[in-house]
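Everything on this sheet refers to the single structure shown next.
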Amino acid sequence: MKHLAVSTFALALWVCLFAVMPAAASDHADHDRARAALQAGEILPLTTVLQRVAAEHPGQVLEVELERDADRWTYEIKLLQPSGGLLKLEVDAANARVLKARSRQREAR
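Read in order, the letters of the sequence shown correspond to residues -25 to -1, 1 to 84 in mature numbering (1 follows the signal peptide of the UniProt record, and there is no 0).
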């Protein structure tokens, strides 16, 4: 479990560092909107969300996207589960509650 926490922290740090790097002009507005939502308290920091998700859905984080859907912000998180399956989560960015979970198991060879 300690390895998972370190991996999650390392990924979260990487995502935070990547977010402050210069982005393409079309992406810049998205970064500004996300930063404003965080500062306004509309969303939780990614590190907080990943810690809460890891408690019930262990795995290696492969991808994270922050999206604005109609009236709420959501994090879409893709995890590689210990069993080798892929788990896609849609998580409410305001409270880290899992809204949807879809899994796909690794095919036997």
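The beta-carbon is built from N, C-alpha and C at its ideal position, and this holds for glycine as well.
CB contact flag (residue 35, residue 64, <7 Å): Against the sequence shown, residue 35 aligns to sequence position 60. Against the sequence shown, residue 64 aligns to sequence position 89. In this structure, residue 64 does not lie closer than 7 Å to residue 35 by Cβ.
Residue 44 to residue 30 span [Cα, whole Å]: Locating residue 44 in the sequence shown gives position 69, counting from the first residue. Locating residue 30 in the sequence shown gives position 55, counting from the first residue. Rounded to the nearest angstrom, the two C-alpha atoms are 25 Å apart.
Cβ neighbours of residue 4 in the same chain (closer than 6 Å, five flanking residues each side left out): Stepping through the sequence shown from its first residue, residue 4 is reached at position 29. Only residues of its own chain outside the window of five on either side were considered, and among them none has a CB closer than 6 Å to the CB of residue 4.
CA nearest to the CA of residue 71, picked from 8, 17, 58: Mapped onto the sequence shown, residue 71 falls at position 96. With respect to the C-alpha of residue 71, the residue from 8, 17, 58 having the closest C-alpha is 17.
For residue 26 and residue 67, the rounded distance between their alpha carbons: Along the sequence shown, read from residue 1 onward, the residue named residue 67 stands at position 92. Along the sequence shown, read from residue 1 onward, the residue named residue 26 stands at position 51. Roughly 14 Å separates the two Cα atoms.
Three-state secondary structure (DSSP) of residue 43: Against the sequence shown, residue 43 aligns to sequence position 68. Residue state, collapsed to three classes: strand.
Inter-residue Cα distance where the pair is residue 10 and residue 52: Counting from one through the sequence shown, the residue named residue 10 turns up at place 35. Counting from one through the sequence shown, the residue named residue 52 turns up at place 77. Residue 10 and residue 52 have their alpha carbons spaced roughly 19 Å apart.
Distance between residue 60 and residue 46 (C-alpha atoms, nearest Å): Within the sequence shown, numbered from 1, the residue matching residue 46 stands at position 71. Within the sequence shown, numbered from 1, the residue matching residue 60 stands at position 85. About 31 Å.
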